[in-house]
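*Asks:* Dropping the structure in here first, questions after.
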Amino acid sequence: MKVYLIGVCGTAMATLAAMLSDRGHAVHGSDAHVYPPMSDFLAARGITCLDGFDEAHITSDIELVVIGNAVSRGNPEVEAVLDRKLRYRSLPDMVRETFLWDRHSIVIAGTHGKTTTASLVSWVLADGGRDPSFLIGGLAGNFDSSYRLGEGREFVIEGDEYDSAFFDKTAKFLKYLPDVAVVGNLEFDHADIYADFEAIRLAVRRLVSLLPRGGSLILGADSVPAMEVADGAPCPVTTFGL
24 MKVYLIGVCG TAMATLAAML SDRGHAVHGS DAHVYPPMSD FLAARGITCL
74 DGFDEAHITS DIELVVIGNA VSRGNPEVEA VLDRKLRYRS LPDMVRETFL
124 WDRHSIVIAG THGKTTTASL VSWVLADGGR DPSFLIGGLA GNFDSSYRLG
174 EGREFVIEGD EYDSAFFDKT AKFLKYLPDV AVVGNLEFDH ADIYADFEAI
224 RLAVRRLVSL LPRGGSLILG ADSVPAMEVA DGAPCPVTTF GL
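Counting from 24, one number per residue, gives the positions in the sequence shown under my numbering.
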């Protein structure tokens with residue numbers, strides 16, 4: 024499938040582009056500012072990144088468009104997609120539909136330490152011979168990569184509470200089909216999209232509500248707000264702490 028990503032030079036979008044390319048899709052995209060390190064990351068994988076946004080970039084052979092959450096209405100490429108009724112997705116929707124339905128999804132959430140925790144969990148699984156996949160918001164030192172597509176069943180994913188796209192203001196982590204959710208801590212953050220701390224707690228409670236009965240909720244015992252989301256959990260709860 025030919026996939027076009029609007030805002031492809033963002034860290035998460037570039038990583039998704041690479042993952043889609045590894046899966047055999049024909050991938051290219053655009054961004055307002057194309058420069059290293061993401062331009063080099065994409066070029067090394069044969070992914071073309073067009074400099075600037077232009078309606079002419081949305082060609083008739085594109086089968087699906089992924090719209091990054093930094094992109095809004097008024098962007099000429101977004102307007103072309105909407106005018107022509109082309110199929111489009113947000114990044115978390117694309118991750119879910121392409122990579123998560125047949126996997127055991129381990130969602131690492133919380134205000135601080137998500138990238139570190141996701142990297143540690145991924146390494147433990149890999150070192151234990153589980154051959155996991157992962158998608159995280161940074162470079163995992165033991166893998167020298169922000170993603171991995173393994174053959175094992177586990178998929179470790181950094182669960183960002185930021186919104187998904189201009190057309191979907193729900194938290195990204197609500198799209199990730201959690202079998203396991205890890206919430207290390209909770210504090211007020213992202214004041215640009217969350218009115219108060221209660222709004223963040225509500226988003227995390229919604230994540231917990233998506234866990235299956237046979238799933239697992241793992242909470243940081245040193246964070247009182249994190250522990251509070253255990254109330255009403257539909258699955259076993261485990262805690263960790265010092």
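Virtual Cβ for every residue (Gly too), placed ideally from N, Cα, C.
Buried or exposed: which applies to N165, given that a residue is buried once 16 or more other Cβ atoms fall within 10 Å of its Cβ?
*Replies:* Counting Cβ neighbours within 10 Å, N165 comes out exposed, since fewer than 16 surround it.
*Asks:* Does DSSP classify I129 as helix, strand or coil?
*Replies:* Of the three classes helix, strand and coil, the one that applies to I129 here is strand, per DSSP.
*Asks:* If I'm right that L28 touches V89 with Cβ under 8 Å, what's the distance once you round it to whole angstroms?
*Replies:* Indeed they touch by this definition, with Cβ atoms about 5 Å apart.
*Asks:* Going by Cα to Cα distance, which pick from A188, D154 and S187 is closest to L172?
*Replies:* With distances taken between Cα atoms, L172 lies closest to D154.
*Asks:* Return the chain-ordered list of same chain residues with a C-beta closer than 6 Å to the C-beta of N208, the five sequence neighbours on each side being excluded.
*Replies:* So the list reads G133, T134, H135, G243, S246 and A249, once near-sequence residues are dropped.
*Asks:* Consult DSSP for E210 and reduce its assignment to one of helix, strand or coil.
*Replies:* DSSP places E210 in coil when its eight states are reduced to three.
*Asks:* So D84 packs on P99, CB below 8 Å; how close in whole Å?
*Replies:* Not really, about 18 Å apart at Cβ, beyond 8 Å.
*Asks:* Would you tell me roughly how many angstroms separate the C-alpha atoms of I223 and V206, rounded to the nearest one?
*Replies:* So the alpha carbons of these two residues sit roughly 12 Å apart.
*Asks:* Taking C-beta to C-beta, are Y170 and M36 nearer than 8 Å?
*Replies:* For Y170 and M36, no; Cβs fall outside 8 Å.
*Asks:* Just tell me which of V203, D219, V227 and V252 has its CA closest to the CA of R236.
*Replies:* When only C-alpha atoms are compared, the closest one is V203.
*Asks:* Which residues does DSSP pair with A49 in a beta bridge?
*Replies:* K25.
*Asks:* Exposed or buried, what is T262 when buried is set at 16 or more other beta-carbons lying within 10 Å of its beta-carbon?
*Replies:* Result: exposed.
*Asks:* Does the pairing of the region 99-114 with the region 55-62 give three or more beta-carbon distances under 8 Å?
*Replies:* The region 99-114, when compared against the region 55-62, does not touch it at the 8 Å Cβ threshold.
*Asks:* When we look at the beta-carbon of V147 and count the other beta-carbons within 10 Å, is it buried (16 or more) or exposed?
*Replies:* Classification for V147: exposed.
*Asks:* Just how far apart, CA to CA, sit G47 and T71?
*Replies:* Whole-angstrom Cα-Cα distance: 15 Å.
*Asks:* In whole angstroms, what separates the C-alpha of H51 from that of E86?
*Replies:* Distance between the alpha carbons of H51 and E86: 12 Å.
*Asks:* Have a look at G91 and S113 and give me their C-alpha separation to the nearest angstrom.
*Replies:* Straight-line Cα distance between these residues: approximately 6 Å.
*Asks:* Just to confirm my understanding: we take I241, look at its own chain, exclude 5 residues before and 5 after, and list those with CB closer than 6 Å. What are they?
*Replies:* The residues are V205 and T261.
*Asks:* Between R68 and G75, what straight-line distance do the alpha-carbon atoms span, to the nearest angstrom?
*Replies:* Distance between the alpha carbons of R68 and G75: 20 Å.
*Asks:* Alpha carbon to alpha carbon, how far is H213 from E184?
*Replies:* Between H213 and E184, the C-alpha separation is close to 9 Å.
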